[in-house]
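Step one of this worksheet: look at the structure below.
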Amino acid sequence: MQPIRTFNVSPSLPQRLEPLRQLAYNLHWDWNVETKDLFRRLDPDLWESSRHNPVLMLGTISQARLTEVVEDEGFLAQMDRAARQLDDYLHERTWYQKQRVLPEIQNPPQAGAREQNKGQECYAYFSAEFGLVDCLPLYSGGLGVLAGDHLKSASDLGLPLVGVGLLYQQGYFAQYLNADGWQQERYPINDFYNMPLQLERNQDGSELRIGVEYPGRTVYARVWRIQVGTVPLYMLDTNIEPNNEYDHDITDQLYGGDIDMRIHQEIMLGVGGVQMLKALGYNVTAYHMNEGHAAFSGLERIRILIQEEGLSYTEARQVVASSNLFTTHTPVPAGIDLFSPDKVLHYLGHYADVFGLTKDQFLALGRENTGDLSAPFSMAVLALKTATFSNGVAQLHGAVSRQMFKDLWQNVPVQEVPITAITNGVHARSCVAKSTQELYDRYLGPNWSSAPSDNPLWERMDSIPDEELWRNHERCRLDMILYARDRLVKHLRDRGASPSEIASAQEVLDPYVLTIGFARRFATYKRATLWMSDLERIRRILLSNKHRKVQFVIAGKAHPKDIPGKELIREINHFIDEQGLEKQVVFVPNYDIHIARLMVAGCDIWLNTPRRPREASGTSGMKAAMNGLPNLSVLDGWWDEADYVSTGWAIGHGEIYDDPTYQDQIEANALYDLLENEVVPLFYDRDVDGLPRRWIAKMKDAIRFNCPFFNTSRMVREYAQRAYFPASDRHHTLTANNYAPAKELAAWKENLTSHWYDIKIKDVEVSKEPDIKVNQSITVTAKVDLATLTNNDVQIELYQGAIDANGDIVNGVPVVMNYQGEDEQGLSIYTADILYTTSGLQGLSLRVLPKHQHLSSSYEPRLIAWAQ
């Protein structure tokens, strides 16, 4: 029976307990120990059964319990403290306010009434998934958790940032294993009205909705808000009338459905996200695409500027690109979303008409090789072509990305391809165990979670008594083991396992044994079974010495359609059964944020075995290090940048192999050698007090060296200073005076492009050649025919460096030449003095690059001319 009316019934709280409601609806409780303890204290069992959901708790807790706590002075005092802490947090003077100097804006575009209240600038962060807390299953893995941590640190720093995403009715799947160890999926329905999120409404109380054009119909979405400290995260929900049944499912499952559903979702995220921000009244000055899923946002922004602001396509694209940022998390082409040309034209072809482009010109926006008319449409390429700041998520990943996308910048040396790197981090207060945070607060001070590497507080790391750090870690290990047992028992009961299996599960893992943690998405390149390569050797490590045992805790999900990933999970579970290792090797089902936090705090060492360079960054090992766990990992992603000698162990030396089978064999043996000869002996080397002093020293180094750098406080500050501030400034500059600077820059680019290939480098003279001395000054003079262009349009550079075996300059260094005027033939004369600091075969070349005060960089026009 369908209802004729629906109501959202809110919890009925005594007036004295009203602060609980505000605390519940702001996710600040997730990284505030006082508030999280408060809700746990309210009803410990309900806290656990609700998946740590304070909103659901307040809606289901008994009235008798509420009446009881109204009379509990201790509870009320704690509630008042938590409320004051939230209020102080929301109103404190932040890093952003201290650092940011806003540009003066002259005659900005007119804003609507609602926009006037949204501030002078705003950064919009688009992501297909957000991993924030356990009770909001809107993420699949590291990309989402990174996005969630990004919002938390943006809040801590006070950035004027808003998140944009999709609110999935079923989210990502819940995992369970059948009797054969094969992953199965369940899709629990998210009850939005009992989650820490709220509907956005118009002034008359009606739901705020936006409409997105799809072929033959408009799809409507309502807007929900998740408050992450000071940062609002706005989520679109299409499961409403009058949408048809198919369109209801656009926001049904994260990464669910077929390729048509995927493009539907990405249109809603990108196009719908832009429309939503406009409807909310935000004056967005920088748009950040976290992966290519949101790249259609650039198309919608261009459309709005053309149809509503009267700009031409080139002018509109200039404005959009100047304030667009793109972060790629994909180290291999296979990980990029690709759509067939006919599908893109079917769903988005109307943009070509608005832009005044032919079908092929429009499709070229998503093609690396614009001449290949059969090539698919790449979301990553679209993002790169509509952004002026792009980055990978670790230094190694930046290098991989430059190599992968180098053809988008023809003739630019690979190391200069304008894709930089900002190494990922994690939100310290979210991932460090409560007791460990209290330990750091006590000995390092309350600012440890955001303190940079040069802060003197890290010198106090050795002031933490070894006994206290070790006993705290042992408690964390016990907490993890008890939880793993409980989850395993519940899983077995749900599966209908025998009483003997359930009884055995209650005794798995030993609280006093070296515990290796491995938890991540089960993709084949992560090699989750590498440690099982030699059964005889791993059995010897696990079982040979009863006083030096080793145990594994393993968790993770494979994508529902990733059959090879599921095979890895089954292979591990078969190994456990066949080798009789049920008590020493445990696969914990249904990996989520909560079990991840327990594992990174409770394991003794963190194992990671990706096939280099396939891991873009990885963040679970950072969380482990913050809790004092040494890492045992292949030199890939973030670990390649870390002090892997002081804070853990490196598997291999960063080699890249042509034969993956041979690579697996070599690195498995290296892993076994490290375990046998270094890791296990160090862990069990105890003094008269029973303490592994040298292991504890490595724990302290893991905290001291990794915590201050591999955190999102440093990461988001870097995004702000290198990307958000400059992009926002460019937006203010280019949109001033009714977009006059943008129009001028677009016209300049068109003129530049039409005359670029008329440039001729006529002559290059070197004062001394061919034999010179190290550090001997050389004067180089060049004559360049700029045709109709002028010296103000270009920058002339020498490019000097060593010559490799192929006769190419490697790791070249550019040197800007000085303009000296024109000769009698009208050629522009440039000079520069250079020297070589090393001996050997060296070389130089000369190149011409565009120059304009409003360019984000000389590479923005994608034009470069070299001496022949």
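Following the UniProt record's numbering, the numbering of the sequence shown begins with 1 at its first residue and continues without gaps.
Where is the CB? At the ideal position from N, CA and C, for every residue including glycine.
Check residue i in the structure and name its three-state DSSP category.
i: Ala-497; result: coil
i: Thr-436; result: helix
i: Asn-614; result: Here residue 614 turns out to be Arg, not Asn, going by the sequence shown. Correct three-state label for Arg-614: coil.
i: Ser-633; result: strand
i: Tyr-672; result: helix
i: Glu-309; result: helix
i: Leu-338; result: strand
i: Asn-26; result: strand
i: Ile-422; result: coil
i: Glu-718; result: helix
i: Pro-109; result: Reliability of the predicted coordinates at Pro-109 is poor, the pLDDT of 47 falling under 50, and the value obtained from them is presented with this limitation in mind. It is coil, neither helix nor strand.
i: Pro-814; result: strand
i: Pro-232; result: strand
i: Leu-136; result: coil
i: Asp-763; result: strand
i: Lys-851; result: coil
i: Gln-551; result: strand
i: Asp-237; result: strand
Label residue i either buried or exposed according to how many other C-beta atoms from any shown protein chain fall within 10 Å of its C-beta, with 16 as the threshold for buried.
i: Thr-647; result: buried
i: Ser-323; result: buried
i: Val-400; result: buried
i: residue 869; result: With the chain covering only 1 through 868, there is no way to say anything about residue 869.
i: Pro-850; result: buried
i: Leu-835; result: exposed
i: Gln-116; result: Residue confidence for Gln-116 is low, a pLDDT of 36 falling below 50, so the modelled location carries little weight; the figure read from the coordinates is stated next. Exposed is the call here.
i: His-91; result: exposed
i: Ser-754; result: exposed
i: Val-414; result: exposed
i: Val-688; result: exposed
i: Glu-678; result: exposed
i: Gly-272; result: buried
i: His-427; result: buried
Please determine, among the options, the residue with the shortest C-alpha to C-alpha distance to residue i.
i: Leu-619; options: Gly-144, Tyr-89 and Arg-477; result: The question names Leu, but residue 619 is Thr in the sequence shown. Among Gly-144, Tyr-89 and Arg-477, the Cα nearest to that of Thr-619 is on Gly-144.
i: Gly-840; options: Lys-773, Ile-464 and Gly-59; result: Lys-773
i: Trp-606; options: Val-586, Thr-251, Ser-633 and Arg-614; result: Ser-633
i: Gly-335; options: Ala-380, Ile-563, Gln-721 and Met-235; result: Ala-380
i: Phe-709; options: Thr-386, Trp-448 and Met-235; result: Trp-448
i: Phe-339; options: Leu-348, Met-817 and Ile-226; result: Leu-348
i: Ala-802; options: Gln-842, Gly-148, Val-766 and Thr-285; result: Gln-842
i: Tyr-443; options: His-427, Asp-466 and Gly-272; result: Asp-466
i: Pro-196; options: Leu-136, Asp-247 and Ile-250; result: Leu-136
i: Pro-452; options: Gly-425, Thr-436 and Leu-469; result: Gly-425
i: His-293; options: Leu-311, Ile-61 and Leu-384; result: Leu-384
i: Val-585; options: Thr-788, Ile-569 and Leu-277; result: Ile-569
i: Ile-809; options: Met-817, Val-816, Phe-355 and Tyr-799; result: Tyr-799
i: Pro-242; options: Arg-367, Leu-161 and Arg-217; result: Arg-217
i: Ala-394; options: Glu-468, Leu-635 and Lys-434; result: Leu-635
i: Pro-331; options: Ser-617, Glu-769 and Arg-686; result: Ser-617
i: Val-600; options: Thr-515, Tyr-644, Leu-581 and Glu-582; result: Thr-515
i: Trp-695; options: Arg-614, Asp-604, Arg-717 and Asn-775; result: Asp-604
Between which residues of its own chain and residue i is the CB-CB distance below 6 Å, once the five residues before and five after are set aside?
i: Glu-291; result: His-329
i: Pro-109; result: At Pro-109, the pLDDT of 47 sits below 50, so the modelled position is not reliable and the matter cannot be decided from this model.
i: Val-794; result: Val-848 and Lys-851
i: Gly-141; result: Arg-521
Leaving aside the five residues before and after residue i along the sequence, list all residues of the same chain whose C-beta is less than 8 Å from its C-beta, in chain order.
i: Ala-83; result: Pro-19, Gln-22 and Leu-23
i: Tyr-591; result: Gln-175, Ala-519, Ala-555, Gly-556 and Lys-557
i: Pro-511; result: Glu-474, Arg-477, Leu-478 and Ile-481
i: Asn-369; result: Ala-375 and Asp-407
i: Gln-665; result: Ser-533
i: Lys-698; result: Pro-630, Ser-646, Thr-647, Gly-648 and Leu-682
Give the C-beta separation of residue i and residue j to the nearest angstrom, bearing in mind that I take them to be a contact with Cβ-Cβ under 8 Å.
i: Phe-552; j: Phe-518; result: 7 Å
i: Leu-27; j: Ile-226; result: 7 Å
i: Met-626; j: Ile-703; result: 7 Å
Compute the minimum distance between the beta carbon of residue i and the heavy atoms of the ligand SAH, and state whether it is under 7 Å.
i: Glu-315; result: No copy of the ligand SAH occurs in the structure displayed, which carries no ligand at all.
Who are the near neighbours of residue i in its chain, counting only those whose CB is closer than 7 Å to its CB and skipping five residues on each side?
i: Thr-779; result: Ser-767, Thr-831 and Asp-833
i: Trp-866; result: Asn-411, Ser-845 and Arg-847
i: His-574; result: Gly-181
i: Ser-430; result: Asp-30, Trp-31, Asp-149 and Lys-152
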